[in-house]
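Some notes on the structure that comes next.
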DNA sequence: CCGACAACCTGACGGC
DNA sequence: TGCCGTCAGGTTGTCG
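Residue numbers (full-length UniProt numbering): 1 to 271.
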């Protein structure tokens, strides 16, 4: 389920369980997810104290007092289960703290992965090195977008999904942000005016912030033994709503492009 | 540079 | 009931 807000909610949910805690056991249940799990992950994480948790784009970060950072990516179907009553199929990593809290990283499709870095080398991690700014950070501005999109003929939707332009957006929140900004997904990225980019940057921030706030309200569910970390699909205005009415009176349309669905309202998202 | 497509993998859902 | 096709939040690479 994980775009930036889901990963942020996940990290916030893991923090009270892990921060400051010593890891009694760290047990990979298989050798690989999308990529091989580092063979020394257990040895380097077990017995370490978690000093901080963080997030970069859609990646979760777990720092330890040994100078290591465990990176997790949830792919399409990954989630952490907190204090699970019993193991489930697709629990690929089990963690228990000395305080007796337990975590299971569950990922049926295994598009996610785990990695282990030196904390001082996180910025040089290849997936991060070429990444654009955080959309909720100070560098994500209309002026930045104007520069980053200059000369680009691709549709704005494709550019917002490109992690080198801005880091952390996925299909759902790109559709939602373009709708809020009233910009057509197919609009040529390099030809959007500064005022409209201002509207777009603000829409991206607003969509993410409200999703994180909504996610925050599920932290209790998240922490429950069988907790689900769900999308707040009820608050989506276009995603998954093909044929339903838009607030403007138009009808939400859907188009498949390169294997992904785009949802938008042609009435209020004109060019 | 751009778009299309495939690959990785499982599960949910609808139609018949 | 069950079988089959379709679709799903991401990332990476190839090909024209």
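We put the CB at the ideal spot given by N, CA and C, even for glycine.
Any idea what DSSP makes of residue 261, helix, strand or coil? Taking the first chain and counting its residues from 1, one reaches residue 261 at position 261. It is a strand residue.
Residue 246 burial status per 10 Å Cβ neighbour count (16 or more: buried): Along the first chain, one-based indexing puts residue 246 at 246. Label assigned to residue 246: buried.
In chain order, each alpha helix (DSSP H) run of at least 4 residues that lies wholly inside the stretch 125 to 167: With a minimum length of 4 residues, the continuous alpha helix (DSSP H) runs that stay inside the stretch 125 to 167 are 126 to 129, 142 to 149, 156 to 161.
Just how far apart, CA to CA, sit residue 71 and residue 116? As a working mapping, residue 71 is identified with position 71 in the first chain. As a working mapping, residue 116 is identified with position 116 in the first chain. Spanning the two alpha carbons is a distance of roughly 6 Å.
Determine the direct distance from the alpha carbon of residue 97 to that of residue 235, and round the result to whole angstroms. Indexing the first chain from 1 puts residue 235 at position 235. Indexing the first chain from 1 puts residue 97 at position 97. Distance between the alpha carbons of residue 235 and residue 97 is about 36 Å.
Keeping to the same chain, check which residues put their C-beta closer than 6 Å to that of residue 178; ignore five residues upstream and five downstream. Against the first chain, residue 178 aligns to sequence position 178. Residues 185 of the same chain have their beta carbon placed closer than 6 Å to that of residue 178, with the five preceding and five following residues left out of the count.
Are the stretch 149 to 158 and the stretch 95 to 112 touching by the rule of at least three beta carbon pairs closer than 8 Å? no
Between the alpha carbons of residue 261 and residue 158, how many angstroms are there, rounded? Working through the first chain from its first residue, we reach residue 261 at position 261. Working through the first chain from its first residue, we reach residue 158 at position 158. So the alpha carbons of these two residues sit roughly 12 Å apart.
Starting from residue 122, follow the alpha helix (DSSP H) in both directions and report where the run begins and ends. Position 122 of the first chain, counted from the first residue, corresponds to residue 122. Residue 122 -> no alpha helix (DSSP H), and no H or E assigned at all.
Between residue 33 and the ligand COA, is the CB less than 7 Å from at least one heavy atom? By its list of ligands, the structure shown contains no ligand whatsoever, and the ligand COA lies outside what it can speak to.
What's the call for residue 269, buried or exposed, on a 16-neighbour Cβ count within 10 Å? Counting from one through the first chain, the residue named residue 269 turns up at place 269. So residue 269 ends up on the buried side.
At the level of alpha carbons, what is the spacing between residue 93 and residue 168? Taking the first residue of the first chain as position 1, residue 93 is located at position 93. Taking the first residue of the first chain as position 1, residue 168 is located at position 168. So the two alpha carbons sit approximately 24 Å from each other.
Three-state secondary structure (DSSP) at residue 173? Within the first chain, numbered from 1, the residue matching residue 173 stands at position 173. When secondary structure is reduced to three states using DSSP, residue 173 falls in the helix class.
Alpha carbon to alpha carbon, how far is residue 225 from residue 81? Against the first chain, residue 225 aligns to sequence position 225. Against the first chain, residue 81 aligns to sequence position 81. Here residue 225 scores only 34 on pLDDT, less than 50, and its place in the model should not be relied on; the value that follows carries that caveat. Using only the alpha carbons, I get a separation of about 7 Å.
Counting along the chain, where does the beta strand (DSSP E) carrying residue 11 start and finish? The residue you call residue 11 lines up with position 11 of the first chain. Element bounds for residue 11: not the beta strand (DSSP E) but the alpha helix (DSSP H), 4 to 18.
6 Å CB neighbourhood of residue 171 in its chain, flanking five on each side removed: Along the first chain, read from residue 1 onward, the residue named residue 171 stands at position 171. Answer for residue 171: 260, listed in chain order.
Give me, in chain order, the residues of the same chain whose beta-carbon lies closer than 6 Å to that of residue 244; leave out the 5 immediate sequence neighbours on both sides. Residue 244 sits at position 244 when you count from the first residue of the first chain. Closer than 6 Å at the Cβ level, and outside the excluded window around residue 244, lie 252.
With DSSP collapsed to three states, give me the class of residue 49. Taking the first chain and counting its residues from 1, one reaches residue 49 at position 49. Three-state result, residue 49: strand.
Host beta strand (DSSP E) of residue 104 (start-end): On the first chain, residue 104 is found 104 positions in, with the first residue counted as 1. Element bounds for residue 104: 102 to 106.
Rounded Cβ spacing between residue 17 and residue 136 (contact assumed at less than 8 Å): Within the first chain, residue 17 is the residue found at index 17, counting from 1. Within the first chain, residue 136 is the residue found at index 136, counting from 1. About 24 Å separates the two Cβ atoms, so there is no contact after all.
Assigned secondary structure, residue 190 (DSSP; H/G/I helix, E/B strand, else coil): One-based indexing of the first chain puts residue 190 at position 190. Helix.
Would the stretch 42 to 49 and the stretch 16 to 32 be scored as touching if the rule is three or more Cβ pairs under 8 Å? yes
On the DSSP bridge assignment, give the partners of residue 200 in chain order. The count along the first chain starts at 1 and reaches residue 200 at position 200. Paired residues: none, contrary to the question.
Between which two residues does the beta strand (DSSP E) containing residue 274 stretch? The chain is shown from 1 up to 271; residue 274 falls before or after that span and cannot be answered.
Can you tell me whether residue 195 is helix, strand or coil according to DSSP? Taking the first residue of the first chain as 1, we reach residue 195 at position 195. Residue 195 falls in the helix class under three-state DSSP.
Grouping DSSP H, G and I as helix and E and B as strand, with all else coil, what is residue 27? Here residue 27 is taken as the residue at index 27 of the first chain, counted from 1. Residue 27 falls in the strand class under three-state DSSP.
Any idea which residues DSSP pairs residue 114 with across the strands? Here residue 114 is taken as the residue at index 114 of the first chain, counted from 1. Under the DSSP definition of a beta bridge, residue 114 partners with 72.
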